[in-house]
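Counting from 1, position 61 in the sequence shown corresponds to residue 61 in full-length UniProt numbering; the numbering is continuous, with no gaps.
Beta carbons are placed, not taken as given, at the ideal position from N, Cα and C, and that holds for glycine.
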Amino acid sequence: MASTLEIKDLHVSIEDKEILKGVNLTINTDEIHAIMGPNGTGKSTLSSAIMGHPSYEVTKGEVLLDGVNILELEVDERAKAGLFLAMQYPSEITGVTNADFSCVQLSMRNVKKDKKST
């Protein structure tokens, strides 16, 4: 089953300062997108807001994963839905490579899909 992450008119603030203003983006299964830009342009704000970081307030818009607005989900529910955030310079966990971490996340998503189909 193909998945779609769809961001519609997303506005995000931190400490009453609007950082993101009307972000729209659609990412389908098997697509690769790069969010690039200079420091301070909202890249980390976007990912933190999607993941539910408590310092960021979504003031308008939707983030849909397969049609479900994940902004209404708790952080752990977002992870169970298949979303995770891997930092550019993650803290090291002895014996666990980034590749291992990514493979586990992907396999967990496949387990979830298998349970839905049975």
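> Any idea what DSSP makes of Leu5, helix, strand or coil?
Replying inline: strand
> According to the Cβ coordinates, are Asp9 and Lys60 closer than 8 Å?
Replying inline: yes
>> On the CB-based measure, 16 or more other CB atoms within 10 Å of its CB, does Thr45 come out buried or exposed?
In response: buried
> What is the residue span of the beta strand (DSSP E) that Ile19 lies within?
Replying inline: 17-28
>> Which of the three DSSP states is assigned to Ile32 in this structure?
In response: coil
>> Do Ile35 and Leu83 count as a contact pair if the criterion is CB distance below 8 Å?
In response: no
> If you draw a straight line from the alpha carbon of Ile27 to that of Asp66, how long is it in whole angstroms?
Replying inline: 11 Å
>> Taking the alpha carbon of Gly52 as the reference point, which residue from Arg78, Thr41, Gln105, Asn39 has its own alpha carbon closest?
In response: Arg78
> Do Val23 and Val58 have their C-beta atoms within less than 8 Å of each other?
Replying inline: no
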